[in-house]
Amino acid sequence: MRGSIREKILTAPPYPGVYIFNGSTKTPLYIGKAMSLKTRLRSYLQPGGPKHERIRRNATGLEYIITNSEVEALTLEESLIKLNRPRYNVRLRDDKKYPYLKLTVQDPFPRLYITRNLKKDGSIIFGPYTNARSLRRTVRTVVKIFKLRSCRKKLPQTSKERACLNFAMHRCLAPCQKQISEKDYAKIVAEVIHFLNGRSDLLQKTVESKMFQAARIEDYE
Numbered sequence: 001m002r003g004s005i006r007e008k009i010l011t012a013p014p015y016p017g018v019y020i021f022n023g024s025t026k027t028p029l030y031i032g033k034a035m036s037l038k039t040r041l042r043s044y045l046q047p048g049g050p051k052h053e054r055i056r057r058n059a060t061g062l063e064y065i066i067t068n069s070e071v072e073a074l075t076l077e078e079s080l081i082k083l084n085r086p087r088y089n090v091r092l093r094d095d096k097k098y099p100y101l102k103l104t105v106q107d108p109f110p111r112l113y114i115t116r117n118l119k120k121d122g123s124i125i126f127g128p129y130t131n132a133r134s135l136r137r138t139v140r141t142v143v144k145i146f147k148l149r150s151c152r153k154k155l156p157q158t159s160k161e162r163a164c165l166n167f168a169m170h171r172c173l174a175p176c177q178k179q180i181s182e183k184d185y186a187k188i189v190a191e192v193i194h195f196l197n198g199r200s201d202l203l204q205k206t207v208e209s210k211m212f213q214a215a216r217i218e219d220y221e
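Residue numbers (my numbering): 1 to 221.
What follows is the structure, given as structure tokens:
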């Protein structure tokens, strides 16, 4: 590994972000994301598998982008991989193998969930993603911050049903209990779309406000 890369690894900050190992023509060889750039990049200084060895042997440069959260890092990583198709990343030629996020905007009160079914039904699809575990954390985080419904009920309903636990714990906007109008729910959905598209510049204050509100009711971990 080149000394300049080693030096950059040793000075990487302990923040979430995306890192890019470049090749001789300054094109990306590998793009990854990390909860802590410092911890993740230092793993490349230790003995590893064949992929690590190839990256260490062929990389001529390293750059990283600090993000506000792991969710933002995951979204940015996915976008950069699709744009650059790096040599050492998992190939996404067979997209059916990988999970997507589905936002059912065709419904009056959309929900967000992970799927591998790309059936065209009017939903907005994000992905594909290569890290299913991170994607599950992303869904939990988005649902928790924006309080989208996670149930499969067909809404709106003609009559109220008994509220679920998520409503009791302030984890849902509760459209089933008529606690929010379609118009106001649609505004929240628009924020989620911006968030998942990586437009954190537009949403940072909104997200911080929602996280603060959630923390006050001991709902954010």
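Think of the CB as a built atom: it goes at the ideal place given N, C-alpha and C, for glycine as much as any other residue.
Every value quoted in this text rests on a predicted model; they were computed, and no experiment measured them.
Do the CB positions of residue i and residue j come within less than 8 Å of each other?
i, j, result
"I9", "R42", "yes"
"V71", "V143", "no"
"Y100", "T130", "no"
"T75", "L196", "yes"
"K297", "C172", "Within the shown structure, residues of the chain are numbered from 1 to 221, placing residue 297 beyond reach of any answer."
In whole angstroms, give me the CA-to-CA distance for residue i and residue j.
i, j, result
"L103", "N22", "34 Å"
"P108", "G127", "23 Å"
"E7", "I124", "42 Å"
"Q46", "V18", "20 Å"
"M169", "R149", "13 Å"
"L112", "S4", "42 Å"
"K194", "K187", "One point to set straight first is that residue 194 is His, not Lys, in the sequence displayed. Taking the straight line from one Cα to the other gives about 11 Å."
"N268", "M35", "No statement about residue 268 is possible, as the shown extent of the chain runs from 1 to 221 and does not include it."
"R87", "G49", "16 Å"
"R133", "V139", "10 Å"
"S79", "A73", "10 Å"
"R136", "E77", "16 Å"
"Q157", "C151", "13 Å"
"A163", "G198", "33 Å"
"H52", "E161", "54 Å"
"R54", "V189", "42 Å"
"R40", "S159", "51 Å"
"E221", "N89", "With a pLDDT of 44 at E221, under the threshold of 50, the modelled position of that residue is not reliable, and the figure given next carries that caveat. One C-alpha to the other measures close to 31 Å."
"T11", "L165", "45 Å"
"K26", "Y44", "19 Å"
Residue i lies in the beta strand (DSSP E); which residues open and close that run?
i, result
"E63", "G61 to I66"
"L112", "L112 to T115"
"N58", "Counting along the chain, N58 falls outside any beta strand (DSSP E), though it belongs to the alpha helix (DSSP H) covering P50 to N58."
"F109", "Careful: F109 lies outside any beta strand (DSSP E) and carries neither H nor E."
"G17", "G17 to N22"
How is the alpha helix (DSSP H) around residue i delimited, first residue to last?
i, result
"F146", "A132 to F146"
"P28", "It is not in any alpha helix (DSSP H) - P28 instead sits in the beta strand (DSSP E) that spans P28 to A34."
"L101", "First-last for L101: Y100 to L103, but that is the beta strand (DSSP E), not the alpha helix (DSSP H)."
"F268", "There is no way to answer for residue 268, as the model of the chain reaches only from 1 to 221."
"T75", "E70 to N84"
"G3", "G3 to L10"
"F167", "L165 to A168"
"L37", "L37 to R42"
Leaving out five residues on either side along the sequence, give the residues of the same chain with a beta carbon under 6 Å from the beta carbon of residue i.
i, result
"I20", "P28, I31 and E63"
"M1", "R56"
"P110", "L103, T104 and V189"
Within its chain, find whatever has a CB closer than 7 Å to the CB of residue i; leave out the 5 residues flanking it on each side and keep chain order.
i, result
"F167", "A174 and Q177"
"P13", "L37, K38 and I66"
"Q106", "D121, G122 and S123"
"Q179", "L173"
"R24", "According to the sequence as given, residue 24 is Ser; it is not Arg. Around S24: T60."
Using a C-beta cutoff of 8 Å, does residue i count as contacting chain C?
i, result
"A12", "Here chain C cannot be found, since the structure has a single protein chain."
Near residue i, which residues of its chain fall below 8 Å by C-beta distance, leaving aside the five closest residues on each side in sequence?
i, result
"P16", "K33, A34, M35, S36, L37, I66, T67, N68, S69, E70, E72 and A73"
Do the region 68-86 and the region 104-121 meet, that is, are 3 or more Cβ pairs less than 8 Å apart? no
Inter-stretch contact (C-beta, 8 Å, three-pair minimum) for the region 173-190 and the region 54-62: no
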